[in-house]
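Numbering (the UniProt record's numbering), first residue to last: 1 to 343. Virtual Cβ for every residue (Gly too), placed ideally from N, Cα, C.
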Amino acid sequence: MKALSFAVLVVLYLSLNSSLNLLNKWSLGVYGFRFPFLLTSCHMAFSFCVLAPMALREPWEHHRATLRKQWKGVVYIGAFMALNIALNNISLLDISLTLNQIIRSAIPVVTCVLAIVVESRYPTGQELWALITLTSGVMLAVWQGTVSGKPYAIVFCLVGTVCNGAMMTFSGKLLSEKLDVVRLTFYTAPVSLVCLAPFYWMYERDKFLVYLPTHYEGTGFIILVSSVNAVCYNMVHSLMIKKTSAVTTTVLGEVKIVGLLVLSAMLLGEGKEFTVKMTIGCVLAMTGFALYSHTKIAKFRENLQPRVISLAATGGSAAELQPLKGDAGVLHRVASNSSADKA
Numbered sequence: 001m002k003a004l005s006f007a008v009l010v011v012l013y014l015s016l017n018s019s020l021n022l023l024n025k026w027s028l029g030v031y032g033f034r035f036p037f038l039l040t041s042c043h044m045a046f047s048f049c050v051l052a053p054m055a056l057r058e059p060w061e062h063h064r065a066t067l068r069k070q071w072k073g074v075v076y077i078g079a080f081m082a083l084n085i086a087l088n089n090i091s092l093l094d095i096s097l098t099l100n101q102i103i104r105s106a107i108p109v110v111t112c113v114l115a116i117v118v119e120s121r122y123p124t125g126q127e128l129w130a131l132i133t134l135t136s137g138v139m140l141a142v143w144q145g146t147v148s149g150k151p152y153a154i155v156f157c158l159v160g161t162v163c164n165g166a167m168m169t170f171s172g173k174l175l176s177e178k179l180d181v182v183r184l185t186f187y188t189a190p191v192s193l194v195c196l197a198p199f200y201w202m203y204e205r206d207k208f209l210v211y212l213p214t215h216y217e218g219t220g221f222i223i224l225v226s227s228v229n230a231v232c233y234n235m236v237h238s239l240m241i242k243k244t245s246a247v248t249t250t251v252l253g254e255v256k257i258v259g260l261l262v263l264s265a266m267l268l269g270e271g272k273e274f275t276v277k278m279t280i281g282c283v284l285a286m287t288g289f290a291l292y293s294h295t296k297i298a299k300f301r302e303n304l305q306p307r308v309i310s311l312a313a314t315g316g317s318a319a320e321l322q323p324l325k326g327d328a329g330v331l332h333r334v335a336s337n338s339s340a341d342k343a
């Protein structure tokens, strides 16, 4: 049952992630709603309003105690989320989409490094090599041969990538400290909104006031549908981090990129554009994902290994936990110790 629920969670995460990306790309590009800061600000405001009835069922004293203890983490997550979105969108003004994707493909490695610093979670050697293989494969798969971009845009994209990793790392830390996904989203949404509002005011306000009178219906549809998608995705995204880890969640995001490349080649008639280089990149990425999954499954099975309590030979009444190994292992040793005690 747990495996089925986790599979459903993964499918929801990948589906909502892909649908949100496609909807944002259509809205901001094809339809012409070129106001990314306004759109994201509406997502944050909508999330806060929708989650308020659920979050405020608890007494205010509980919220005050939580924020008093974890306000720094809440501010960090909200600010890093806003910076990630803002810097990434600004970088896209003067950087190619290919170079943007290549830089942001390093998010799993960045998150892994930050997890060491923030959460003291050290990866095994196999996990580290798997992450490097996966990241290299995704970079190779999305590489189109040429990239272009101004230096400031490249720097903004790099900093935005670090902010993305920091946001996920702090989310993992807070969620591991028993802060549920509803309260986390409820607390961080206003922080992100406050951080994003100045960008909207400086870059988009005047243009939006000119755009709105002739696009009332389309604007309302885009904001409502994308906001519903965003709040569902943010909840599932936080739950994924809670159930797995920040690094594992970014790994699934990388696999999604490769999956979209393969599906576009198979379903959208783009097979001619699927070069040998892209094929090698996809193979590397899937190899890295397989290695990473293997290490996680092995660690999970190790944690589930049965254990029994046996009396230490020199401790008298002291007890220690040891793995259950069968006749030749712990059970045999315990029986021998019992016989010796009787003698």
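Grab the span of the alpha helix (DSSP H) containing residue i for me, first residue to last.
| i | result |
| --- | --- |
| A86 | W60 to S91 |
| T185 | V181 to Y203 |
| H237 | Y216 to K243 |
| T124 | It is not in any alpha helix (DSSP H) - T124 carries neither H nor E in the DSSP assignment. |
| L38 | P36 to A55 |
| P213 | Unbroken run through P213: none, as it is neither H nor E. |
| V118 | I107 to E119 |
| F6 | K2 to K25 |
Return the CA-CA distance between residue i and residue j, expressed in angstroms with no decimal places.
| i | j | result |
| --- | --- | --- |
| I241 | M168 | 8 Å |
| G137 | F289 | 10 Å |
| I77 | I132 | 25 Å |
| S317 | S105 | Any reading at S317 is ruled out, since the residue's pLDDT is 44, under 50, leaving its predicted position unreliable. |
| I90 | P213 | 26 Å |
| H62 | T185 | 16 Å |
| N100 | L87 | 11 Å |
| H332 | P123 | At H332, the pLDDT of 44 sits below 50, so the modelled position is not reliable and the matter cannot be decided from this model. |
| E58 | K72 | 21 Å |
| V191 | L56 | 18 Å |
| V276 | V210 | 47 Å |
| T188 | I95 | 29 Å |
| M139 | G281 | 7 Å |
| A166 | I116 | 11 Å |
| Y13 | F6 | 10 Å |
| Q70 | V236 | 21 Å |
| V8 | D206 | 43 Å |
| E270 | I85 | Here E270 scores only 48 on pLDDT, less than 50, and its place in the model should not be relied on; the value that follows carries that caveat. E270 and I85: Cα-Cα distance of roughly 29 Å. |
| T40 | G218 | 16 Å |
| Q126 | A298 | 11 Å |
| T287 | I107 | 18 Å |
| K2 | K173 | 23 Å |
| L284 | N164 | 24 Å |
| H215 | Y31 | 11 Å |
| T66 | Y292 | 34 Å |
| L128 | L114 | 13 Å |
| residue 364 | L134 | Absent from the structure is residue 364, since the part of the chain shown begins at 1 and ends at 343. |
| G220 | A230 | 15 Å |
| R68 | T279 | 51 Å |
| P198 | F46 | 18 Å |
| G160 | R64 | 31 Å |
| S18 | L179 | 26 Å |
| R121 | W60 | 33 Å |
Enumerate in chain order the residues of its own chain whose CB-to-CB distance from residue i is below 8 Å, with the five nearest sequence positions on each side excluded.
| i | result |
| --- | --- |
| residue 344 | The requested residue 344 does not occur in the structure, where the chain is confined to residues 1 to 343. |
| residue 347 | As shown, the chain starts at 1 and ends at 343. That puts residue 347 outside it, with no answer to give. |
| M44 | A189, P190, S192, L193 and L196 |
| I154 | S91, I95, L99 and I103 |
| K243 | F6 and L9 |
| V50 | V231 |
| Y152 | D94 |
Can you list, in chain order, the residues of its chain whose CB lies under 7 Å from that of residue i, leaving out five sequence neighbours each side?
| i | result |
| --- | --- |
| S238 | S171, L175, V181, L184 and T185 |
| residue 344 | Summary: the structure shown does not reach residue 344, with the chain confined to residues 1 through 343, and so no result is reported for it. |
| P36 | L28 and N89 |
| V10 | L252 |
| V75 | V191 |
| F48 | F186, A189 and P190 |
| L4 | none |
| L158 | I103 |
| A130 | G288, L291, Y292 and T295 |
| N234 | S47 and T185 |
| M54 | V182 |
Sorted by chain position, which residues of the same chain lie with C-beta nearer than 6 Å to residue i's C-beta, five sequence neighbours on each side aside?
| i | result |
| --- | --- |
| C232 | L16 |
| S27 | F33 and I222 |
| C195 | A79 and A82 |
| E119 | K173 |
| K150 | D94 |
For residue i, verify whether its CB is less than 7 Å away from any heavy atom of the ligand GDP.
| i | result |
| --- | --- |
| R34 | With respect to the ligand GDP, the structure offers nothing, as it holds no ligand at all. |
- Item | Stretch pair the region 16-36 + the region 222-241: three plus CB contacts closer than 8 Å | yes
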